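Numbering of the sequence shown is given in this note's numbering, commencing with residue 59 and proceeding in unit increments. No residue lacks a Cβ here, since even glycine has one placed at the ideal position from N, Cα and C. Everything numeric in this text was worked out from a predicted model, so none of it was measured.
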Amino acid sequence: MHNRRYISGLDGLRALAILSVVFYHFSFSWAKGGFLGVDIFFVLSGYLVTSKILLSQENFKLRTFWKNRISRLLPSAYLMIMITALWVIFFNHRLLTNLLGDTISSISYTTNWWFIFHKLSYFDSFGSPSPLKHIWFLAVQEQFYILWPFILMIVLKNTKKTKKLSYIIFIGALLSATLMGILYDPAADPSRVYYGTDTRAFELLIGSFLAAVSANKKPFTKEVSIKHKNQLKLLSIITFSIFIFSAVFIDEYNSFLYRGGLFLFSLNTALLIACVCHPKGILGPMLSWKPLRWIGTRSYGIYLWHYPIMVLSTPIYEIGNPSYLRVFIQLTITCIIAEFSYRFIELPIRKLGFRKYYNYLTISFFKRNSLAFTKKTATIISVLVIISLAIGINNIVRIKSNLENAEIYSSQTNTDETSEGEGSNGDSNETNEKDINVSTENDEDISSTAAEDYNEILAIGDSIMLDITPTLNKTYNSITIDGKIGRQMSEAITLATKYAEFNDSDKAVIIELGTNGYFTSKQIDELLDSFSKSHVFLVNTRVPRSWESKVNKILKEKAEERENITLIDWYSIASEHPEYFEQDGVHLNSKGSEALVGLISKNLKI
């Protein structure tokens, strides 16, 4: 495996990895596990870097290695960061709040730790996510490139035996995977262990382990028996099938992933890489298909550009709901820029080195009579202008509304200010009469009915509960409301002990959770057990995120299992009325708040 030959099949593997990541980011339901594509890149990076060091360890120089890594990776990345930042400054003001921190952390390749320390989720994001969020992966990779060669050279000075080295590397991988399992909390967002260099190092180290195991051996260059060919074929089919199955069906909230699943997937990836590299295998030729190789060789540029293009050209209320036409246009733009990056930045730097490339650009720029250069420059500028217009057309139209909605809860604040001075009747309620058959004229009847049926009402929820609090207070005289931004089911379980007095047959409990992430059947059972005597009303969720259907399925099952539970089907109504939501497509405006409270009132009256 360790020779100087170019293995084109690895480009095909890169292509499959980047496609799975891209389709996952575009929220296609058939790419639930597409995020696992980064795991393939991690293992592959560990393998290639360690192989290079082991092959040239006698002449290996850390400074030269770091210099080459920086010159090959940073120019393209910095260009993307600069253009993205400028675009946000001029055309997307709602993202300005976090721009400085995101930009600095991206430039310094510390994005993953920046997100960890600021508790920014990879999986749960409302409104427009940071267009630089995907840099976390490159940050982990760059940190590995800085630390691993230094550590590896120290180890190699103390042991020349690659077998012993492979043991050491594998132990390191086990420790990292164990740390992930220890830090992972199934009741909380998994972003800490997902972002962490310490908890993702095992994937890079498994790639390094593959390199160490195969060092100084040439088992894949000699003829193999028919029996071994068949075994290799079977192994290739199994490892490739596991990758495809995982990319399609495994979702990010599966606890198994963080308690050994990613470790096993990385081991499978290492075997997959070995099968691709084997000259007698079936995967190498299959993955050497020209279209796959084209995508694979441009995978770095595709990864850099697809995410900011997606974020900056997708209306907020459509995030999580992919349009095939929009995605096609976005991917076309991504591929054009990736091709430009590959031909005019990555390849020249790879051939000339950064300094010669920089000198070439400088000299070419001042050659006024260079017609060819002028044509190239004009073409490049024209392409960039067209791309910029295509990306920003939606945002330019919305600049005014973005400025007016700088605070996500601005309309909620207005509702709070007017709720004391106004009655429950309002113009917006006319729409709700048709939608949910709750007349605004019957607010007093609703309140009195609720008071007769239930002595007290408790409402527990997340930020959506905060959205509807003023309207709930207008509708019910005797109601206790406990809403919190970002609340997860795990917090509500603990909170329930505070409201033990509501566990009574003459009391109603409204539970609105699921906006901020997935929860298990066991978790909600714990919460429902705390209110086993009271009448519980479960409000299902309308949130354009991957966990929406899973959460609603669990809520429906609980309503069918328990006699004291009523399901309030907010999803069916809200999914048909985008005008009920703020620009983030998640939180409710005043009209949406009235609609949801009207639906709750209707159910409590039954």
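In this structure, DSSP gives ALA566 an extended state, which the three-state scheme calls strand. Membership of HIS364 in the alpha helix (DSSP H) is indicated by the continuous run 357 to 371.
Straight across, the Cα-Cα distance linking SER164 with PRO187 is about 15 Å. By the Cβ rule, the stretch 91 to 102 does not count as touching the stretch 365 to 375, because fewer than three pairs are nearer than 8 Å. Counting the other Cβ atoms within 10 Å of the Cβ of LEU154 gives fewer than 16, which makes it exposed. Excluding residues up to 5 positions away in sequence, THR161, SER164, ILE165, LEU190 lie with their Cβ nearer than 7 Å to the Cβ of ILE139 in the same chain. DSSP places ILE296 in the helix class (H, G or I) of the three-state scheme. Secondary structure at PHE100: helix, using DSSP grouped into helix, strand and coil. The count of Cβ pairs closer than 8 Å, one atom from the stretch 289 to 300 and one from the stretch 258 to 273, stays below three, leaving the stretches out of contact.
With respect to the C-alpha of GLY67, the residue from TRP352, LEU113, GLY575 having the closest C-alpha is TRP352. Remark: C-beta atoms of THR533 and VAL644 do not approach each other more closely than 7 Å. Across the structure, LEU362 and GLU619 are spaced so that their CA atoms are roughly 47 Å apart.
Considering only LEU320, HIS286, TRP206, LEU74, the residue with the shortest C-alpha distance to PRO248 is LEU320. Rounded to whole angstroms, the gap between the alpha carbons of LYS414 and TRP124 is 17 Å.
Within the model, the alpha-carbon separation for SER109 versus PHE208 is close to 14 Å. A residue is called buried when at least 16 other Cβ atoms come within 10 angstroms of its Cβ; SER283 does not meet this threshold and is exposed. Under DSSP, the beta-bridge partners assigned to LEU625 are LEU596.
Note that the stretch 230 to 241 touches the stretch 309 to 324; at least 3 beta-carbon pairs, one per stretch, sit closer than 8 Å. Between ALA566 and ILE526, the C-beta spacing is not below 7 Å. 7 Å or more divides the Cβ of ARG127 from the Cβ of SER357. Looking only at PHE202, GLY159, SER129, the smallest Cα-Cα distance to ALA143 is reached by GLY159. In the three-state scheme derived from DSSP, where H, G and I count as helix and E and B as strand, GLU397 is classed as helix. Excluding sequence positions up to five before and after THR355, its CB lies within less than 7 Å of the CB of ASP69, TYR400, all in the same chain and listed in chain order. For TYR638, the closest C-alpha among the options GLY411, LEU657, ASP627, ALA653 is that of ALA653.
Inside the stretch 176 to 249, DSSP marks whole alpha helix (DSSP H) runs of 4 or more residues at positions 193 to 216, 220 to 241, from first to last along the chain.
Rounded to the nearest whole angstrom, the C-alpha separation of ASN647 and LEU596 is 21 Å.
A Cβ-Cβ contact shorter than 7 Å links TYR629 with ASN598.
Apart from the 5 residues on each side of it in sequence, LYS285 has no Cβ closer than 6 Å to any other Cβ in its chain.
Contact check between the stretch 249 to 256 and the stretch 173 to 181: three or more CB pairs, one atom from each, fall below 8 Å, which counts as touching.
If you look at ALA135, you'll find it in the alpha helix (DSSP H) that goes 120 to 149. Counting only residues of its own chain and dropping the five nearest sequence neighbours on each side, ILE407 has a CB closer than 7 Å to the CB of SER129, ARG130, PRO133, TYR415. Restricting attention to alpha helix (DSSP H) runs no shorter than 4 residues, the stretch 304 to 358 encloses them at 320 to 335, 341 to 344, 348 to 355, ordered along the chain. Across the structure, GLN388 and ILE658 are spaced so that their CA atoms are roughly 40 Å apart.
One alpha carbon belongs to LEU625, the other to SER313, and they sit about 27 Å apart. In this structure ILE537 is not in contact with ASP520, their Cβ atoms being roughly 17 Å apart against a cut-off of 8 Å. Under the three-state reduction of DSSP, ALA273 is assigned to coil, being neither helix nor strand.
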